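Step one of this worksheet: look at the structure below.
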Amino acid sequence: NTNTNTNTNTNTNTNSETIEMDVGQCTVRPGGIRHCGKPLTKGTRYIIGGFCMSQKRVETVRQLLTGKDNNNNNKKNKEGLECAVRLNPEYDGAYPDVAYCYETEEGDTEKSMRVLMDCLRFANPRSSTSSYYLGTHYFRQGKWQLAREHIRTCLEVDPTDGDALHTLAQIHAQLGEHDEEHAVYQTIVATPGVSKRILSNAYGNLGTFCEGTNNNPRMEMEYYQKSLQYDPSNLAAWQSLGSVYASQKDWKKAIDCYKAAVERSTTRTDREFLLKLLYRAATMQLRSETTTTTADNNNITTTTTTTTTTLSSTTTTATAPNNNNTREEMMKRLGQLMGESNMNQLLSLPSRG
15 NTNTNTNTNT NTNTNSETIE MDVGQCTVRP GGIRHCGKPL TKGTRYIIGG FCMSQKRVET
75 VRQLLTGKDN NNNNKKNKEG LECAVRLNPE YDGAYPDVAY CYETEEGDTE KSMRVLMDCL
135 RFANPRSSTS SYYLGTHYFR QGKWQLAREH IRTCLEVDPT DGDALHTLAQ IHAQLGEHDE
195 EHAVYQTIVA TPGVSKRILS NAYGNLGTFC EGTNNNPRME MEYYQKSLQY DPSNLAAWQS
255 LGSVYASQKD WKKAIDCYKA AVERSTTRTD REFLLKLLYR AATMQLRSET TTTTADNNNI
315 TTTTTTTTTT LSSTTTTATA PNNNNTREEM MKRLGQLMGE SNMNQLLSLP SRG
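Below, the structure written as structure tokens:
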């Protein structure tokens, strides 16, 4: 058996005893280690444990940052974070949390921004977290140049930060720098580790760049489909994909996309707009189904008459066949194409004169 003598003066008869240690002290205790993968059969072996701590993150600060009250005692948590900054103002880890407390709990955006600027001034001028949050503050204020400066600092530290990349693309869009915006979206989709939410938005925006070019609708569709692959709840992608199918006169697929968009709409304005898009696609599909062709002297002619169907405030011209189909039959078919629930919602829209 391995000889496991120790040179500690503590009582080793119990394994549950806690050994109190002061700064600079260490414990030495027997360990069941192996040598070159082989079991030890003689001799004495010890494990020496040690802790390495950042010079800018003393143990007291660490305890303040990790010892938050889990009972949603926001005041106590904020006081602990403020204390951490005062104890070690050169450590940048506490500043973003303090700034977040000021913004969300006190509603004081200016105070939050001052804390983030203090972090860059006194603790770490390249703090990626503080730079990102400061950049988003400036973005919301419409200060695009300042926002870009801080977001770029964040990306210099972490080029794979998906949220920062997405914000940078939005800044380029606001500045009218569309080539740069497009390049950032291409970077996002090629960057590993980016969240599905950011990837979905990036692919959706790449699809928007293709919109209206008419030279490669297939690529536009692929971008929107990729967007929905990463986030099936992306309302804008469903609507845009439906519009691409509509431009190609693929009304059935357009209807499916618009119906999916209606299901995911959360505001009344969006729902009304999408219902009208759905109605237009459904009437075009109805037109394609009901247009009759007749042969006369080996010539094929298309006979149609134009009727106007009014659904509440929505008036859309649809082409109906010159046959015995009644308006009731047309409305029934529209309901089948749109979905009865969607049809009823459209009929209930208030008239806007």
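Its first residue numbered 15, the sequence shown is counted upward by one per residue in the numbering used here. Backbone N, C-alpha and C define an ideal beta-carbon position, used for all residues, glycine too. In this text the structure is predicted, and so the values were computed from the model without any measurement.
- Assigned with DSSP and collapsed to three states, residue 263 falls in coil, not helix or strand.
- Rounded to whole angstroms, the separation of the alpha carbons of residue 354 and residue 169 is 50 Å.
- Residue 153 has its alpha-carbon roughly 15 Å from the corresponding atom of residue 130.
- Only buried fits residue 288, as 16 or more other CB atoms lie within 10 angstroms of its CB.
- Residue 157 sits in coil when the DSSP states are folded into three classes, being neither helix nor strand.
- Its chain contains no residue whose beta carbon lies nearer than 7 Å to that of residue 263 once the 5 sequence neighbours on both sides are disregarded.
- If you draw a straight line from the Cα of residue 180 to the Cα of residue 255, it is about 21 Å long.
- Per DSSP, reduced to three states, the secondary structure at residue 140 is coil, with no helix or strand assignment.
- In its chain, beyond the 5 residues on either side, 258 have a beta carbon closer than 6 Å to the beta carbon of residue 235.
- The alpha carbon of residue 175 has as its nearest neighbour, out of 115, 79 and 201, the alpha carbon of 201.
- For residue 198, the uninterrupted alpha helix (DSSP H) run begins and ends at 192 to 203, by DSSP.
- The DSSP-derived three-state label of residue 225 is coil.
- In the DSSP assignment, residue 135 falls outside any alpha helix (DSSP H), carrying neither H nor E.
- In the three-state reduction of the DSSP assignment, residue 74 falls in the helix class, which pools H, G and I.
- In the assembly as shown, residue 118 is an exposed residue. Its beta-carbon has fewer than 16 other beta-carbons within 10 Å.
- When only Cα atoms are considered, residue 94 and residue 34 end up about 25 Å apart.
- Here residue 194 has 186 as same chain residues with Cβ atoms under 7 Å from its own Cβ, once five neighbours each way along the sequence are excluded.
- DSSP, reduced to helix, strand and coil, places residue 189 outside both helices and strands of the structure shown, so it counts as coil.
- By the criterion of a C-beta distance shorter than 8 Å, residue 246 is surrounded by no residue of its chain, once the five residues flanking it on both sides are discounted.
- For residue 241, the enclosing alpha helix (DSSP H) has its first and last residue at 231 to 244.
- Residue 189 is not a Cβ neighbour of residue 203, given a cutoff of 9 Å.
- Look at residue 175 here: in three-state DSSP terms it is coil, with no helix or strand label.
- Taking the Cβ atoms as the reference, residue 348 lies roughly 5 Å from residue 296, within the contact range of under 8 Å.
- When the alpha-carbon of residue 103 is set against those of 139, 240 and 199, the nearest one is in 139.
- Separation of the CB atoms of residue 108 and residue 98 is rounded to 4 Å, and the pair is thereby assigned contact status at 8 Å.
- Relative to the Cα of residue 356, the nearest Cα in the group 298, 341 and 270 belongs to 270.
- In the DSSP annotation of this structure, residue 108 is not part of any alpha helix (DSSP H), being labelled neither H nor E.
- Taking the CA atoms as reference points, residue 272 sits about 47 Å from residue 134.
- Residue 233 counts as exposed, since fewer than 16 other C-beta atoms from the protein chains shown sit within 10 angstroms of its C-beta.
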